[in-house]
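Chains as they are written, first to last, in the working numbering: chain A, 4 to 113; chain B, 3 to 292. Idealized CB from N, CA, C, for every residue including glycine.
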Amino acid sequence: MAAPSRSISLYRNLLKELKHVYKDKTESPAQSFVKDQFRNFQVTTEKVCRGRNEVYHTGETYLCLLQNLRKYEELHAQYHSQERSIESSAHLVGLELPKTYNPDSNPSNK
Amino acid sequence: MAAPMFFMVRSVLTVSLRYIKQSKLCGYQYNQKKCMSSYRELKKFYKNASIVTTEGWYEINLDKRKLRTPGGNLFRVPNEALALAVATEWNSQDKVIKRHNMHLTSLCNTALDNPFHKTRDVLTDSIIHFLETDTMCYRLTEPEDLVRFQSQNWDPVINWAKDRYKIDITPTYTIAPPDVPQHTKDTIKRHLLSYSDWALFGYQFAVDSVKSLLIIMALVDKFISVDTAVHLSRLEQEYQVKKWGSVEWYHDIDEYELKTRLASATLFIHWSSENVSVKQKASLGIQNIC
C-alpha cells in the first residue's frame with residue numbers, strides 16, 4: 004500500500020508533467036481525468052485496498068513515461084540535433100585531433 | 003507554320019489541365035493520408051488533439067479531422083485513459099511530428115491494423131521463444147562482484163516467478179541454454195493466452211525491448227516498477243558504468259528510451275485489459291471502482 008505522502012508527490016508530479024505538455028491552456032481532459040482518478044481512489048489510512056496499489060502503479064508508470072520522454076527529447080536535442088565536426092566529436096570523448104602535415108610551414112622549402 | 007503552333011498550344015493546354023486535375027487529386031489524397039506511413043518529416047498541422055466517444059469506443063480528433071491508422075482504418079480504442087494518453091502524445095509534439103517516440107499510438111496502430119495478420123498463437127509463441135534466451139538466466143562466473151550483483155538483483159524476481167506461476171527455471175552459468183521443462187512453457191503459454199489480443203501486441207513489444215520474458219511478467223503483475231525493470235535488464239551496463247563512469251549521450255539516452263518503451267507497453271497492456279465500472283454505494287455515497 005502506498006503511503007499518503009508518496010501518493011501526494013505522485014499526484015503533484017503527474018500534474019507538473021502534464022503542465023509541460025499543455026502549457027497555459029485551460030485544463031485539458033487529461034488533467035481532469037488524472038484529478039478524478041486520484042479523487043476516486045482516495046482511501047482512508049485504515050483501509051488496505053488492493054485496487055489502490057494497482058492504480059498507484061499505473062500512475063507511477065505514466066509519470067515514468069512522461070518524465071523519461073521529456074528527458075530523452077532534451078538530451079537528443081542537445082547531442083543529436085546537428086552534425087558535429089570531427090574536431091568537436093573528438094572533444095566529446097576527451098581527445099584532440101592530431102597535427103596534420105602542412106607543407107607550407109616547412110622552413111627548408113624555398 | 004500554323005499546325006505546329008496549334009499542336010503546341012493544344013499540348014500546353016492538355017498538360018496544364020492534367021496538372022490541375024492531378025494537384026487537386028493529390029491535394030485531396032494528401033489531406034486524407036497526412037497521418038499516413040510516409041517517411042517524410044511531417045509538420046504539426048493541427049492545434050489541438052481531443053477525444054470523442056461513440057458506441058463505447060474512443061476516437062481522436064486532430065482539430066476537426068479524425069485520426070486514422072497507417073492502414074487507413076479509423077483510429078479507435080476501447081479505453082478512455084488510453085485515448086487520453088494518445089491525445090496527450092499528439093499534443094506534446096512541438097513543430098515537427100516525431101512518430102518514433104509515440105509508442106502508445108504505434109501500439110494502437112499495430113493492434114488495429116495487424117499488418118502481418120498475426121494470430122494469438124503466433125504472438126504467444128514468439129513471446130515464449132524469449133524464455134530460453136531470457137537475460138536473467140544467463141549468468142557470469144567472474145568477476146566476483148558482478149556475479150553477486152546479478153544474483154542480488156535477478157534471483158528475487160526469478161524466485162517470485164517460480165512461486166507465483168509454479169514453474170521451474172534455473173539460470174545457466176555456461177554457454178548452454180537453460181533447461182526449460184515443457185510444463186513451464188505450457189503454464190506460461192496458458193497464462194499468456196488469457197490476455198486480450200491487444201494486450202498481446204503490447205506484451206510482445208515489451209519482451210522484445212528488454213529481451214526477457216520474466217522481467218515483463220514481473221512488471222505486468224506489478225511486482226516491480228518500470229525503473230526496476232529497466233535496471234534489471236541493463237544490469238551489466240550499470241555495473242560497468244559504476245566502475246568506469248557514464249557517458250551521457252549514450253547511457254542516459256539509452257536508459258530513457260528503454261524506460262519510455264517499457265512504460266508505454268505496460269500502460270497499453272494494462273489499459274487494454276481492464277474493464278472500468280463504477281458502482282455507487284447508495285448509503286454513504288462513496289464510489290467503489292472495480
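- The residue from A:Glu-20, A:Pro-32, A:Cys-67 and A:Val-58 with its alpha-carbon nearest to that of Phe-44 (chain A) is A:Val-58.
- With contacts defined as CB atoms closer than 7 Å, Gln-95 (chain B) and Lys-49 (chain B) fail to qualify as a contacting pair.
- Nearest CB-CB separation between Phe-41 (chain A) and chain B: not below the 7 Å threshold.
- With 16 or more other CB atoms across the displayed protein chains lying within 10 angstroms of its CB, Met-138 (chain B) is buried.
- For the stretch 67-94 of chain B, residues whose beta-carbon sits nearer than 8 Å to a beta-carbon of chain A comprise Glu-82, Ala-83, Leu-86, Ala-87, Ala-89, Thr-90, Asn-93 and Ser-94.
- Contact annotation for His-60 (chain A) against chain B: Lys-224 and Ser-227 [CB-CB distance below 8 Å, chain order].
- For Ala-265 (chain B), the nearest beta carbon of chain A is closer than 7 Å to its own beta carbon.
- Of all residues in the stretch 61-92 of chain A, only Thr-61, Glu-63, Thr-64, Tyr-65, Cys-67, Leu-68, Asn-71, Leu-72, Lys-74, Tyr-75, Leu-78, His-79 and Tyr-82 place a beta-carbon less than 7 Å from a beta-carbon of chain B.
- In this structure, the straight-line span from the alpha carbon of Leu-72 (chain A) to that of Asp-107 (chain A) is close to 52 Å.
- Within the same chain, Cβ atoms closer than 8 Å to the Cβ of Thr-143 (chain B) are found at Val-149 and Tyr-175, the five residues on either side in sequence being excluded.
- Straight-line spacing of the CA atoms in Ile-11 (chain A) and Lys-38 (chain A) works out to 11 Å.
- Legend: CB atoms of the stretch 5-20 of chain A lying less than 7 Å from CB atoms of chain B are not found in any residue.
- Straight-line measurement puts the Cα of Lys-213 (chain B) at about 14 Å from the Cα of Trp-156 (chain B).
- By DSSP's assignment, Ala-51 (chain B) forms a beta bridge with B:Leu-64.
- Going by C-alpha positions, Asp-223 (chain B) is about 26 Å away from Thr-90 (chain B).
- Taking 8 Å as the upper bound for CB-CB distance, Thr-126 (chain B) and Leu-194 (chain B) are in contact here, some 5 Å apart.
- In the DSSP assignment, Ile-190 (chain B) falls within the unbroken alpha helix (DSSP H) covering 184-195.
- Thr-262 (chain B) reaches chain A at Leu-68, Asn-71, Leu-72 and Tyr-75, counting residues in chain order whose Cβ is nearer than 8 Å.
- Contact between Asp-115 (chain B) and Gly-73 (chain B) is confirmed by a C-beta separation of about 4 Å, below the 8 Å threshold.
- Comparing alpha-carbon positions, the option among B:Pro-158, B:Trp-92 and B:Glu-240 lying closest to Leu-69 (chain B) turns out to be B:Trp-92.
- Leaving aside the five residues that flank Arg-122 (chain B) on each side, the residues in its chain whose CB is nearer than 8 Å to its CB run, in chain order, Leu-195, Asp-199 and Leu-202.
- Per DSSP, reduced to three states, the secondary structure at Arg-70 (chain B) is strand.
- In the three-state reduction of the DSSP assignment, Val-98 (chain B) falls in the strand class.
- Note: Leu-76 (chain B) is bridge-paired with B:Arg-70 in the DSSP secondary-structure output.
- By the CB criterion at 7 Å, Phe-151 (chain B) and Tyr-252 (chain B) fall outside the cutoff.
- Counting of Cβ neighbours within 10 angstroms places Asn-81 (chain B) among the buried residues, the total reaching 16 or more.
- For Leu-216 (chain B), not one C-beta of chain A is nearer than 7 Å to its own C-beta.
- By the criterion of a C-beta distance shorter than 8 Å, Glu-20 (chain A) is surrounded in its chain by Leu-66, Leu-69, Gln-70 and Arg-73, once the five residues flanking it on both sides are discounted.
- At a cut-off of 7 Å, the C-beta of His-193 (chain B) has no neighbouring C-beta in chain A.
- In its chain, beyond the 5 residues on either side, Gln-152, Pro-173 and Tyr-175 have a beta carbon closer than 6 Å to the beta carbon of Arg-141 (chain B).
- Of all alpha-carbon atoms in B:Arg-67, B:His-105 and B:Leu-264, the one lying nearest the alpha-carbon of Asp-229 (chain B) is that of B:Leu-264.
- Within the stretch 234-276 of chain B, the alpha helix (DSSP H) runs of at least 4 residues that lie entirely inside it are, in chain order, 237-246 and 255-275.
- Under the 8 Å Cβ criterion, the stretch 261-275 of chain B counts as touching the stretch 102-114 of chain B, having at least three qualifying pairs.
- Cβ neighbours of Val-98 (chain B) within its own chain (closer than 8 Å, five residues either side excluded): Glu-43, Leu-44, Lys-45 and Lys-46.
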